[in-house]
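The letter at position 144 of the sequence shown is residue 608 when you use the numbering used here, and the numbering goes up by one with no holes.
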Amino acid sequence: MRVVHTKSEVRAAVAAARAEGKTIGFVPTMGALHAGHMSLVEAAVAGSDFVVVSIFVNPMQFGPGEDLEKYPRTLDEDAAQCEAAGVALVFAPSVSEMYADGACTTVHVAGLTEGLCGQFRPGHFDGVTTVVCKLFNIVAPDRAWFGEKDYQQLVVIRRMARDLDLPVEVIGGPTVREADGLALSSRNQYLSATERAAAPALQAALQEGARAAREGATGAEVERTVAEALAREPMLRPQYIRAVHPETLQRLLGESGPMVIAAAAHLGETRLIDNIKVEG
């Protein structure tokens with residue numbers, strides 16, 4: 465496995481792999497890899513001949529006061545995990561390599577980015593879609609894997625790829641959890657022991673909402689059920705609770721049926737997100 469830092473090195477390596485008839489798989493990450501990331505990497509290795517993993521803490525998707533400076537950067541450990549999993553190439557660019565001086569072009573996916581996390585993190589998804597579009601153009605993968613924990617991100621990237629005719633299949637990977645239900649996240653390491661003990665209450669509340677949804681509750685009733693469950697854990701401060709359509713992300717208030725129940729909550733200084741999909 466090679467670790468490279470420039471776009472030209474990635475393009476040369478991918479071109480050589482394609483010349484040998486290999487299919488290209490891609491997993492974009494911000495590093496600090498955990499078992500959730502590695503489940504995507506393993507799926508990519510199983511589903512592709514030549515796998516590229518990018519490790520780039522993208523400043524465009526961090527807002528003022530967010531954790532850009534303290535976000536964990538563990539390239540050596542990440543590269544070792546990738547090599548053990550069978551990755552062919554790790555792309556770890558600098559900010560200057562990814563963004564030329566004076567760059568003024570962004571990618572905006574209207575509608576899908578305005579609710580859920582987008583309501584509270586203005587500009588975040590423009591940063592995500594811009595960097596992912598750039599990475600798709602650099603790596604030119606046949607398939608790319610994204611985690612379902614960031615459900616809104618997955619839907620947004622699928623729409624971007626479709627609308628811009630990007631020749632890549634965007635594949636979602638299931639959320640990987642701790643034994644107590646907490647969704648794995650690089651930011652979980654920010655939690656104190658007391659906060660960590662309280663964190664599974666988020667998924668437990670979503671499970672209560674999912675049970676109500678399966679019994680025919682409307683979106684508004686599901687949201688209320690989740691809110692009441694979260695209120696039993698005072699350390700969690702909900703930012704939003706939404707029952708939305710799985711594809712349009714439009715809020716479902718008076719409707720029942722298939723939905724995604726998504727929530728964000730603050731626990732101490734850490735922001736947690738999670739969701740659960742109800743098929744109907």
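Even for Gly, the Cβ is constructed at its ideal location relative to N, Cα and C. For clarity, every value in this text was computed on a predicted model and none was experimentally measured.
Taking 6 Å as the limit between beta carbons, can you name the residues of its chain near residue i, skipping five residues before and five after?
i, result
"Gly645", "Pro664, Gln667"
"Ser518", "Pro492, Phe555, Leu599"
"Gly582", "Phe589"
Can you name the start and end residues of the beta strand (DSSP E) that residue i belongs to?
i, result
"Met723", "723-731"
"Ser518", "514-519"
"Leu717", "Counting along the chain, Leu717 falls outside any beta strand (DSSP E), and DSSP gives it neither H nor E."
"Val742", "734-742"
"Ala499", "Ala499 -> not in any beta strand (DSSP E); alpha helix (DSSP H) instead, spanning 499-511."
"Gln703", "700-708"
"Phe526", "Run containing Phe526: none; DSSP gives neither H nor E here."
Should residue i be listed as close to the ligand MN, given that the test is whether its C-beta is under 8 Å from any heavy atom?
i, result
"Ala707", "Only the bare structure without any ligand can be found here, which leaves the ligand MN out of the picture."
Mind checking whether residue i and residue j have CB atoms under 9 Å apart?
i, j, result
"Glu697", "Ala674", "no"
"Glu508", "Gly495", "The question names Glu, yet the displayed sequence has Ala at residue 508. Contact flag unset, no."
"Leu580", "Cys546", "no"
"Gln525", "Gly587", "yes"
"Leu694", "Ala707", "no"
"Ile740", "Ile725", "yes"
Tell me which same chain residues have a C-beta within less than 8 Å of the C-beta of residue i, skipping the five on either side of it?
i, result
"Val468", "Val474, Ala477, Leu553, Val554, Phe555, Ala556"
"Ile635", "Ala507, Gly511, Arg607, Ala608, Trp609, Phe610"
Quick check on this structure: which residue in the options has the alpha carbon closest to the alpha carbon of residue i?
i, options, result
"Glu672", "Ala643, Glu685, Val515", "Glu685"
"Ala483", "His501, Ala662, Phe514", "Phe514"
"His432", "Ser472, Leu504, Asn739, Leu628", "The question about residue 432 has no answer, for the chain in this structure spans 465 to 744."
"Thr577", "Thr538, Ile621, Asn601", "Ile621"
"Glu659", "His730, Asp738, Ala496", "His730"
"Ala647", "Gly636, Ala676, Asp614", "Asp614"
"Val595", "Arg626, Glu561, Arg678, Gly550", "Glu561"
"Gly680", "Asn522, Ala567, Ile737, Gly744", "Gly744"
"Gly683", "Pro710, Gln714, Glu719", "Glu719"
At a Cβ threshold of 9 Å, is residue i touching chain D?
i, result
"Ala662", "Given the protein chain composition of this structure (a single chain), no chain D is represented."
Can you name the start and end residues of the alpha helix (DSSP H) that residue i belongs to?
i, result
"Gly591", "588-603"
"Gln617", "615-627"
"Ala481", "471-483"
Using C-beta distances below 7 Å, list every residue in its chain close to residue i, excluding the 5 sequence neighbours before and after it, in chain order.
i, result
"Glu506", "Ala549"
| request: Counting only runs of 4+ residues fully inside the segment 650-687, write out the alpha helix (DSSP H) ranges in chain order. | output: 657-662, 665-678
| request: Taking only runs that begin and end inside the segment 547-584, name each unbroken alpha helix (DSSP H) of 4 or more residues, in chain order. | output: 559-562, 581-584
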